[in-house]
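In my numbering, the protein residues as written are -5 to 93.
Positions of the beta carbon are idealized from the N, C-alpha and C atoms, including for glycine.
These numbers come from a predicted model, not from an experiment.
Right, dumping it as structure tokens:
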């Protein structure tokens, strides 16, 4: 039993180890975001400047106990990153939505 619990804990911890913290974007130049995420999916004119939008679609996997072993489920996920940028190219707000 202890071995099973140890393996489960190790699996959970190893899945967290690949996550990188989200940088703080407010006050930084939009060029830094473009260097990190690539060209935006779209740029929308806004009263405060422009809104840069990145849309990423990726697979998310989860394991659950099943009859005779573990079941793995795959789910398509979308992450939207939106940054409002002023006329000087400075990010004034940042929003991330995971769907």
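Three-state class that DSSP yields for residue i in the structure shown
i, result
"residue 27", "helix"
"residue 42", "coil"
"residue 19", "coil"
"residue -4", "In this prediction, residue -4 has a pLDDT of 48, which is less than 50 and means its spatial position is unreliable; nothing more can be read from the coordinates."
Rounded C-alpha distance that separates residue i from residue j
i, j, result
"residue 73", "residue 34", "13 Å"
"residue 44", "residue 83", "9 Å"
"residue 79", "residue 20", "9 Å"
"residue 28", "residue 53", "23 Å"
"residue 88", "residue 77", "5 Å"
"residue 23", "residue 51", "25 Å"
"residue 31", "residue 17", "12 Å"
"residue 25", "residue 93", "26 Å"
"residue 71", "residue 48", "14 Å"
Extent of the continuous beta strand (DSSP E) to which residue i belongs
i, result
"residue 35", "Here residue 35 belongs to no beta strand (DSSP E), and DSSP marks it neither H nor E."
"residue 85", "85 to 92"
- Check whether the segment 53 to 63 touches the segment 29 to 40, taking contact to mean three or more Cβ pairs, one atom from each stretch, closer than 8 Å. no
- Item | Sequence ranges, alpha helix (DSSP H) only - wholly within the segment 50 to 82, length at least 4 | none
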